[in-house]
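*Asks:* Quick one: the structure is below, questions incoming.
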Amino acid sequence: VFASVVQAPEDPILGVTVAYNKDPSPHKLNLGVGAYRTEEGKPLVLNVVRKAEQLLVNDPLVNFGYSLAIQENRVTTVQCLSGTGSLRVGAEFLAQHYHERTIYIPQPTWGNHPEVFTSAGLSVKTYRYYSPNTRGLDFQGLLEDLGSAPAGAIVILHACAHNPTGVDPTSDQWEQIRQLMRSKGLLPFFDSAYQGFASGSLDADAASVRMFVADGGECLAAQSYAKNMGLYGERVGALSIVCKTAEVASRVESQLKLVIRLMYSNPPIHGASIVATVLKDRDLYDEWTVELKAMADRIISMRKQLYDALQARGTPGDWSHILKQIGMFTFTGLNANQVAFMTKEYHIYMTSDGRISMAGLSTRTVPNLTEAIHAAVSN
Ligand code: PMP
Numbered sequence: 011v012f013a014s015v016v017q018a019p020e021d022p023i024l025g026v027t028v029a030y031n032k033d034p035s036p037h038k039l040n041l042g043v044g045a046y047r048t049e050e051g052k053p054l055v056l057n058v059v060r061k062a063e064q065l066l067v068n069d070p071l072v073n074f075g076y077s078l079a080i081q082e083n084r085v086t087t088v089q090c091l092s093g094t095g096s097l098r099v100g101a102e103f104l105a106q107h108y109h110e111r112t113i114y115i116p117q118p119t120w121g122n123h124p125e126v127f128t129s130a131g132l133s134v135k136t137y138r139y140y141s142p143n144t145r146g147l148d149f150q151g152l153l154e155d156l157g158s159a160p161a162g163a164i165v166i167l168h169a170c171a172h173n174p175t176g177v178d179p180t181s182d183q184w185e186q187i188r189q190l191m192r193s194k195g196l197l198p199f200f201d202s203a204y205q206g207f208a209s210g211s212l213d214a215d216a217a218s219v220r221m222f223v224a225d226g227g228e229c230l231a232a233q234s235y236a237k238n239m240g241l242y243g244e245r246v247g248a249l250s251i252v253c254k255t256a257e258v259a260s261r262v263e264s265q266l267k268l269v270i271r272l273m274y275s276n277p278p279i280h281g282a283s284i285v286a287t288v289l290k291d292r293d294l295y296d297e298w299t300v301e302l303k304a305m306a307d308r309i310i311s312m313r314k315q316l317y318d319a320l321q322a323r324g325t326p327g328d329w330s331h332i333l334k335q336i337g338m339f340t341f342t343g344l345n346a347n348q349v350a351f352m353t354k355e356y357h358i359y360m361t362s363d364g365r366i367s368m369a370g371l372s373t374r375t376v377p378n379l380t381e382a383i384h385a386a387v388s389n
């Protein structure tokens, strides 16, 4: 679908360096870029920076890129400003270079989605996702709505740990969604903001994305490292676009660079270096998976503690969805009035849709939340 994307023109300043790099002359001199160079014309790495880096890096690059699409150079990845920036850059690229402007988002979804996409000029529609009755997936509704979407429409899929509902499709359901979307030529745009938080495993949480990449078709993926590396303020993210051929991917990349150049030119490097260091070093990577699992496990334990406490208190209603839902959030089913009551009487704050962040809860605070929920639903 991106075959008609043309090569973007070089940036007038960066283009100087590109031309310089290509020039084979031994006398070449680059006076184009305003960056410090040594007497030998080399960039200067300060000693103090080198020392700091040694503390960060110890192993040579380890290759984790076993995806066939990556091996075939069909994936273009650009560093973006966390998850939000990755979505925004992807949306901007699609608005400029893709033939269909309609984008489907789940109902409900992360509150920022609609505006991020409309501000890029896309036209937002919703597909059914959540059933308040079962507090689970409205799978029939989802299939019907995507089934009647116009061919080529873009579809936002939460890769795992759906926000705000904590409800994900099963792998069988993902497979059906994949088949439907591919048969209708819908373009998948994954939003992966919580990889590692659904199951505690980075691999397992990438299963949905990998399923779509494995069939050889196109897709986009916006990744955030804010949560899974605890780097909220560093704004580290990536947008990947999987194309049909390496040649198309390279033209797509040239246009992505242009989109980024016009918005903020370049992303900051510090947080990204930390992430890159962890991803490249086998020991650090392993350590990351352990720390990530500990975060995911603590959240699961909070689910159990809250559920048990509500059971013990005899709170009316079925609260098993607290155990069933996954990731950072529980979509409690509490309504806006009940939420307002809990805030006023118990000083407990949450979004008015009744979503609670399980990551904000602790063994110490479970009893007060239990009392508040009990009072709110018994009112
Ligand atoms: N997508 C979803 C589903 C999210 O929940 C969030 C964060 N709340 C984001 C994207 C944005 O992530 P970031 O903070 O990395 O911009």
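When you number the sequence shown by UniProt numbering, it's gap-free, plus one each residue, and the end is 389.
Cβ coordinates follow ideal geometry from the N, Cα and C atoms, glycine included.
Fair warning: this is a prediction, and the values are worked out from it, not measured in the lab.
Within 7 angstroms: the Cβ of alanine 101 and any heavy atom of ligand 1?
*Replies:* The residue labelled residue 101 in the question sits at position 91 within the sequence shown. No - ligand 1 has no heavy atom lying nearer than 7 angstroms to the Cβ of alanine 101.
*Asks:* What is the DSSP secondary structure of valine 26, reduced to helix, strand or coil?
*Replies:* Counted from its first residue, the sequence shown places residue 26 at position 16. Of the three classes helix, strand and coil, the one that applies to valine 26 here is helix, per DSSP.
*Asks:* Let's see if you can read the secondary structure: which residues bound the beta strand (DSSP E) around valine 165?
*Replies:* For the purposes of this step, residue 165 is taken as the residue at position 155 of the sequence shown. Valine 165 -> beta strand (DSSP E) spans 164 to 168.
*Asks:* Contact defined as beta carbons within less than 8 angstroms: I believe tyrosine 46 pairs with leucine 54. What is the distance between those atoms, to the nearest angstrom?
*Replies:* The sequence position of residue 46 within the sequence shown is 36, counting from 1. The sequence position of residue 54 within the sequence shown is 44, counting from 1. That belief holds up - the Cβ atoms of tyrosine 46 and leucine 54 are roughly 6 angstroms apart, short of 8 angstroms.
*Asks:* So, helix, strand or coil for proline 124, using DSSP?
*Replies:* Counting from one through the sequence shown, the residue named residue 124 turns up at place 114. Helix, per DSSP.
*Asks:* What I want to know is whether the C-beta of alanine 306 ends up closer than 7 angstroms to one or more non-hydrogen atoms of ligand 1.
*Replies:* Numbered from its first residue, the sequence shown carries residue 306 at position 296. Result no, Cβ not under 7 angstroms from ligand 1.
*Asks:* Closest to methionine 305 by C-alpha separation, out of Ala259, Gly210 and Glu185, would be which residue?
*Replies:* Start at 1 with the first residue of the sequence shown, and residue 305 comes out as number 295. Cα-wise, what sits closest to methionine 305 is Gly210.
*Asks:* Quick check on DSSP: helix, strand or coil for leucine 197?
*Replies:* Reading the sequence shown from its first residue, position 187 is the one you call residue 197. Here leucine 197 sits in strand by DSSP.
*Asks:* Rounded to whole angstroms, what is the Cα-Cα separation between proline 116 and lysine 254?
*Replies:* Looking up residue 116 in the sequence shown gives position 106. Looking up residue 254 in the sequence shown gives position 244. Spanning the two alpha carbons is a distance of roughly 27 angstroms.
*Asks:* Can you find the residues in the same chain that come closer than 6 angstroms, C-beta to C-beta, to leucine 333, ignoring five residues on each side of it along the sequence?
*Replies:* The residue given as residue 333 occupies position 323 in the sequence shown. Excluding sequence neighbours, leucine 333 sits near Arg313 and Tyr317.
*Asks:* For the segment 262 to 276 against the segment 190 to 206, are there 3 or more C-beta pairs whose distance is under 8 angstroms?
*Replies:* In short, these stretches do not touch, since the Cβ pair count stays below three.
*Asks:* Strictly by DSSP, which residues pair up with valine 134?
*Replies:* The residue labelled residue 134 in the question sits at position 124 within the sequence shown. Beta-bridge pairing links valine 134 to Ile113.
*Asks:* Count the other CB atoms within 10 Å of the CB of methionine 273; is the residue buried (16 or more) or exposed (fewer)?
*Replies:* Taking the first residue of the sequence shown as position 1, residue 273 is located at position 263. Looking at its Cβ environment, which holds fewer than 16 other Cβ atoms inside 10 Å, methionine 273 is exposed.
*Asks:* Could you compute how far the alpha carbon of leucine 249 sits from the alpha carbon of glutamine 89?
*Replies:* The residue given as residue 249 occupies position 239 in the sequence shown. The residue given as residue 89 occupies position 79 in the sequence shown. For leucine 249 and glutamine 89, the distance between alpha carbons rounds to 6 angstroms.
*Asks:* Spatial neighbours of proline 70 within its chain, please: CB distance less than 7 angstroms, with the 5 preceding and 5 following residues excluded, ordered by chain position.
*Replies:* Locating residue 70 in the sequence shown gives position 60, counting from the first residue. In this prediction, proline 70 scores a pLDDT of 39, lower than 50, which makes its location untrustworthy; the coordinate-derived value is nonetheless stated afterwards. Cβ within range, chain order: n/a, list empty.
*Asks:* Keeping to the same chain, check which residues put their C-beta closer than 7 angstroms to that of valine 177; ignore five residues upstream and five downstream.
*Replies:* Position 167 of the sequence shown holds residue 177. Closer than 7 angstroms at Cβ, skipping near neighbours: Tyr140, Gly146, Leu147 and Gln335.
*Asks:* Measure from the alpha carbon of glutamate 81 to the alpha carbon of each residue in Ala224, Leu289, Gln17 and Val165, then state which is nearest.
*Replies:* Taking the sequence shown and counting its residues from 1, the one referred to as residue 81 is at position 71. In the sequence as displayed, the identity of residue 81 is glutamine instead of glutamate. Per the Cα distances, Ala224.
*Asks:* Give the residues whose C-beta lies closer than 6 angstroms to at least one heavy atom of ligand 1, in chain order.
*Replies:* Listed along the chain, these residues meet the criterion: Ser92, Gly93, Thr94, Trp120, His168, Asn173, Asp201, Ala203, Ser234, Ala236 and Gly247.
*Asks:* Which of the three DSSP states, helix, strand or coil, is assigned to isoleucine 336?
*Replies:* Counting from 1 along the sequence shown, the entry for residue 336 is found at position 326. Here isoleucine 336 sits in coil by DSSP.
*Asks:* Need the endpoints of the beta strand (DSSP E) that threonine 86 sits in, please.
*Replies:* Here residue 86 refers to the residue found at position 76 of the sequence shown. Here the beta strand (DSSP E) through threonine 86 covers 85 to 91.
*Asks:* Which ranges would you report for the alpha helix (DSSP H) in the segment 271 to 312 if only whole runs of at least 4 residues count?
*Replies:* Fully enclosed alpha helix (DSSP H) runs of 4 or longer: 280 to 290.
*Asks:* Using 8 angstroms as the threshold, is the C-beta distance between asparagine 173 and phenylalanine 339 below it?
*Replies:* As a position in the sequence shown, residue 173 is number 163, starting the count at 1. As a position in the sequence shown, residue 339 is number 329, starting the count at 1. Yes.
*Asks:* First and last residue of the beta strand (DSSP E) that includes isoleucine 251?
*Replies:* Residue 251 sits at position 241 when you count from the first residue of the sequence shown. Here the beta strand (DSSP E) through isoleucine 251 covers 246 to 252.
*Asks:* What residues are listed by DSSP as bridge partners for proline 53?
*Replies:* Along the sequence shown, one-based indexing puts residue 53 at 43. In DSSP, proline 53 forms a bridge with Arg47.
*Asks:* Which residue from Thr144, Leu156, Ser129 and Gly121 puts its Cα closest to that of residue 392?
*Replies:* No information on residue 392 is available, as it lies outside the stretch 11 to 389 that the chain covers here.
*Asks:* Among Ile383, Ser96 and Gly95, which residue has its Cα nearest to the Cα of tyrosine 359?
*Replies:* For this step, residue 359 is matched to residue 349 along the sequence shown. It is Ile383.
*Asks:* Any idea what DSSP makes of leucine 230, helix, strand or coil?
*Replies:* Locating residue 230 in the sequence shown gives position 220, counting from the first residue. Three-state DSSP puts leucine 230 in a strand.
*Asks:* Which of the three DSSP states is assigned to glycine 151 in this structure?
*Replies:* Here residue 151 refers to the residue found at position 141 of the sequence shown. Looking at glycine 151 - three-state DSSP - the assignment turns out to be helix.
*Asks:* Excluding five sequence neighbours on each side, which residues of the same chain lie with their C-beta closer than 6 angstroms to the C-beta of alanine 18?
*Replies:* Here residue 18 refers to the residue found at position 8 of the sequence shown. So the list reads Ser264, Gln265 and Leu268, once near-sequence residues are dropped.
*Asks:* I need the straight-line Cα distance from alanine 163 to alanine 346, nearest angstrom please.
*Replies:* Indexing the sequence shown from 1 puts residue 163 at position 153. Indexing the sequence shown from 1 puts residue 346 at position 336. Computed Cα separation, rounded: 33 angstroms.
*Asks:* Please report the Cβ distance between valine 11 and threonine 27, rounded to the nearest whole angstrom; I am assuming they are in contact, meaning their Cβ atoms lie under 8 angstroms.
*Replies:* Position 1 of the sequence shown, counting from 1, holds the residue named residue 11. Position 17 of the sequence shown, counting from 1, holds the residue named residue 27. 32 angstroms between Cβ atoms; not a contact.
*Asks:* Hey, valine 219 and alanine 232 are a contact pair by Cβ (cut 8 angstroms); roughly how many whole angstroms apart?
*Replies:* Reading the sequence shown from its first residue, position 209 is the one you call residue 219. Reading the sequence shown from its first residue, position 222 is the one you call residue 232. Not really, about 11 angstroms apart at Cβ, beyond 8 angstroms.
*Asks:* Rounded to whole angstroms, what is the Cα-Cα separation between glycine 327 and cysteine 170?
*Replies:* To locate residue 327, count along the sequence shown from 1; it is residue 317. To locate residue 170, count along the sequence shown from 1; it is residue 160. Computed Cα separation, rounded: 27 angstroms.
*Asks:* With which residues is phenylalanine 351 paired in a DSSP beta bridge?
*Replies:* For the purposes of this step, residue 351 is identified with residue 341 of the sequence shown, where counting begins at 1. None; phenylalanine 351 has no bridge partner.
*Asks:* Quick test of your reading: alanine 259 and valine 85, contact by CB under 8 angstroms. State the CB separation rounded to the nearest angstrom.
*Replies:* Start at 1 with the first residue of the sequence shown, and residue 259 comes out as number 249. Start at 1 with the first residue of the sequence shown, and residue 85 comes out as number 75. Yes, alanine 259 and valine 85 are in contact; Cβ-Cβ is about 6 angstroms, under 8 angstroms.
*Asks:* If we ignore side chains and look at the alpha-carbon of each, how far apart do aspartate 182 and methionine 221 end up?
*Replies:* Translated into positions along the sequence shown, residue 182 becomes position 172. Translated into positions along the sequence shown, residue 221 becomes position 211. Going from the Cα of aspartate 182 to the Cα of methionine 221 covers about 11 angstroms.
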